[in-house]
Amino acid sequence: MARKFTPQVVSANHLIEGDTIWFDGSDWVRDITRARAAETAEEAEALLAQAQAGAEAHRAVGLYLAEVAIEPQGPRPTHFREIYRVNGHKTNPPHEEHI
């Protein structure tokens, strides 16, 4: 039985700044909720091809499709890797108020 398609967005990194970026259908954005989500496998492949065509000009590297859930506010990552990439790492953990 075929696996049900899960919506996907195109994810990459900005070559110079290293930031995680997402393709919105015409440009690269740093906010995943503004990314364009593909709802079929064919749409996902077309979106990836479109993103790859302009990747060099926008300094986007390491392009790939990432699964998301569609929420009212926009795409939300479902895999822990993408959740980490959206939220970033925490280099300064919160300190206890009392020692």
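In terms of the working numbering, the sequence shown opens at residue 1312 and continues consecutively.
A virtual CB, placed ideally from N, CA and C, is assigned to each residue, including glycine.
(message) Under 8 Å, with one C-beta from each stretch per pair, do the region 1341-1359 and the region 1379-1388 reach the 3-pair mark?
(response) yes
(message) Applying the 10 Å Cβ sphere with the 16-neighbour rule, what's the burial state of isoleucine 1332?
(response) buried
(message) Using DSSP's beta-bridge definition, name the partner residues of phenylalanine 1334.
(response) Trp1339
(request) Would you tell me roughly how many angstroms separate the C-alpha atoms of aspartate 1330 and alanine 1362, rounded to the nearest one? (result) 16 Å
(request) Measure from the alpha carbon of leucine 1358 to the alpha carbon of each residue in Val1397, Asn1398, Gly1399, Val1321, then state which is nearest. (result) Val1321
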